[in-house]
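Quick notes on the structure that follows.
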Amino acid sequence: MSALSPADRPVVTRVAPSPTGMMHIGTARTALFNWLFARHCGGTFLLRIEDTDRERSTEAAVQAIFDGLDWLGLKADAPPVFQATRAELHRQAALSLLDTGRAYRCYMTVEELEIERQKARAEGRAIRSVWRDHEAPAGSNAPYVIRFRGPLEGETIVNDLIKGPVRFQNKELDDLVLLRSDGMPTYNLAVVVDDHDMGITHVIRGDDHLSNAARQSLIYEALGWAKPAFAHLPLIHGPDGAKLSKRHGAQAVSEFADMGYLPEGMRNYLARLGWGHGDDEIFDDDQAIAWFNVADVVSAPARLDWDKLNFINGQYIRQADDARLADLTLDIHRSRDVHLHAGALEALTRAIPLVKDGAKTILQLADLTLFVLKARPLELDPKTKNLLTDETRARLGRLREHLAREAAWDIVSLEQAVRTFSESEGVGIGKFGPALRGVLSGGAPAPDLASTLTALTREESLGRIDDALSQSQQRV
RNA sequence: GGUCCCUUCGUCUAUCGGUUAGGACACCAGAUUUUCAAUCUGGGAAGAGGGGUUCGACUCCCCUAGGGACUGCCA
3 MSALSPADRP VVTRVAPSPT GMMHIGTART ALFNWLFARH CGGTFLLRIE DTDRERSTEA
63 AVQAIFDGLD WLGLKADAPP VFQATRAELH RQAALSLLDT GRAYRCYMTV EELEIERQKA
123 RAEGRAIRSV WRDHEAPAGS NAPYVIRFRG PLEGETIVND LIKGPVRFQN KELDDLVLLR
183 SDGMPTYNLA VVVDDHDMGI THVIRGDDHL SNAARQSLIY EALGWAKPAF AHLPLIHGPD
243 GAKLSKRHGA QAVSEFADMG YLPEGMRNYL ARLGWGHGDD EIFDDDQAIA WFNVADVVSA
303 PARLDWDKLN FINGQYIRQA DDARLADLTL DIHRSRDVHL HAGALEALTR AIPLVKDGAK
363 TILQLADLTL FVLKARPLEL DPKTKNLLTD ETRARLGRLR EHLAREAAWD IVSLEQAVRT
423 FSESEGVGIG KFGPALRGVL SGGAPAPDLA STLTALTREE SLGRIDDALS QSQQRV
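Using my numbering, you'd call the opening residue of the first sequence number 3 and step up by one each time.
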């Protein structure tokens, strides 16, 4: 054990979620800030699974945490610590507190506790156990819990890195349970013991733990341990300012992944929620690490803004590698049961650089690339069918020959080809552009004509035009 | 009810006692245009209210209002 106080040791942070459901986006941001701060300080970032509530903790939830952090790219620097495996250490700490008189056995029944709770609330004070000042019932086998013997006077100041000094009157703090009647530790004890043993120097966590920081401070003092620095992050709220919940669209990290957001986009967006660096909006991990400091985190809660998330994610899609985007997009098409022919991945790889500027999410990228995956002959939409008048059909026929003579099949050449054709016909592109697009895409979203032709390749493009022309002839 | 936290454009934020209060998203208008986007140009938009402190407050203090967290043998 280091004799140095936490302030003098290399920085060690941790994220400590409880595995009782999905991984909340707020947990993700807490992890991000811990990760950024540790990296910024050249320190260590750890993960601890707070599974002391055996009733509610599940294996699936543990996996969700692993998957979520993995997806976000926030790797811990050491294997995760499972809190429940450390119960014996927690128990010893509680017993030592009993030895030093800083804790006591409380024999209150749940019924008695409930009565006291209501009484205390009515009187506007913290609950107190009668056993704080009484010995155990003689020869009793009655179940008991071990409670912390908190000071009744004075105050406890939490020097929060984000909020500044926060003062709590000790008499307002109740004698929290350290060890349950089944001998298992509770959260507040386990956190203190584990953070101490793991050498945590900075406890960066949600705002909802601010008052726990006061209780935990008291436990640190009673145990004779140096306290870590505390930093309590304001929570993330929904767009309406209320606590983030299902009705706001998403809460779980996995849902954001499913909605087609890129992990680097999420990191950037989450970093900007409650923290800023001048006018910088889009920045990479290295920049965030260089700039980030917990002390600069804003003290007010932030609302989730889908528009901005979409914008930022769109920026990252532009920067993203096309082969990677093609893989991700292929997965979406597959999940949507789109028929994938042998050349699907190739087709997507060709199309993506041509359409990705318009996509905010991978889901949208799938929408925008659907046209290249369609199989000939395409089913034409009603709008396109209406555009295929005799005049337009004849014009598309001439255009088909014009394009077939193109030596190079690339955007620049095709743009030029379409333009020269338009001039030779003496009409604007508007006279045949929409029909051509419809014939090439079957009504699905498609980029400008030259890009669409390029994405489709010469063979496919000409084939689709031929299909449409023969189809419409048959129709008449 | 009690304790604690919070309050700058619709939203995220910059400012950290002296600024025409800046940027981004969103929004509106115009440009571009073969669809939808994207892009470019321009525009409107803020210090919750009230008291102090100060030569001077968005910045510091107090009160009020509003929002939030906690008040478990949950974490």
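Just so it is clear, CB atoms sit at the ideal spot from N, CA and C, and this is done for glycine as well.
Would you please state the rounded distance, in angstroms, between the beta carbons of residue i and residue j? I believe it to be under 8 Å.
i	j	result
D412	T459	Their Cβ separation, rounded to whole angstroms, is 11 Å, which puts D412 and T459 out of contact at 8 Å.
A18	E52	5 Å
A448	R439	6 Å
V255	G70	4 Å
A419	L405	6 Å
S273	L34	Note on identity: in this sequence residue 273 is Ala, with Ser being the wrong assignment. Yes, A273 and L34 are in contact; Cβ-Cβ is about 6 Å, under 8 Å.
G444	K387	Incorrect: roughly 11 Å between the Cβ atoms, too far for contact.
Considering only their Cβ atoms, is the gap separating residue j from residue i smaller than 7 Å?
i	j	result
W73	A231	no
H92	V193	no
P167	N161	yes
L372	I354	no
I238	A290	no
R466	V441	yes
I314	Y271	yes
D27	Q253	Residue 27 is actually Ile in this sequence, not Asp. Going by C-beta atoms, I27 is nearer than 7 Å to Q253.
N312	I206	no
D359	R320	yes
A78	T22	no
A233	L163	yes
M110	A66	no
L191	L180	yes
A368	H335	yes
S183	V147	yes
Does DSSP classify residue i as helix, strand or coil?
i	result
T363	coil
T158	strand
H343	coil
F434	coil
P379	coil
K245	strand
P187	strand
A192	helix
A80	coil
I238	strand
R477	Bear in mind that the predicted position of R477 carries a pLDDT of just 47, short of 50, making it unreliable; the figure below should be weighed with that in mind. Here R477 sits in helix by DSSP.
R305	strand
H136	coil
M3	Note that M3 has pLDDT 47, beneath the 50 cutoff, so the model's placement of it is unreliable and no number is given.
Give the range of the beta strand (DSSP E) segment to which residue i is assigned.
i	result
D177	Run containing D177: none; DSSP gives neither H nor E here.
I51	T46 to I51
I206	H204 to G208
F170	G166 to Q171
Name, in chain order, the residues that DSSP records as bridge partners for residue i.
i	result
Y106	R149
L181	I148 and P187
D282	H279
F232	D162 and V205
A122	Beta-bridge pairing links A122 to no other residue.
A86	In the DSSP output, where bridge partners are listed per residue, A86 has none listed.
L254	According to the sequence shown, residue 254 is Ala rather than Leu. H26, per the DSSP bridge assignment.
What is the residue span of the alpha helix (DSSP H) that residue i lies within?
i	result
R16	It is not in any alpha helix (DSSP H) - R16 instead sits in the beta strand (DSSP E) that spans V14 to V17.
E417	I413 to E427
W293	D287 to W293
Y271	P265 to R274
V64	E61 to L74
N388	P384 to L389
A457	L451 to L458
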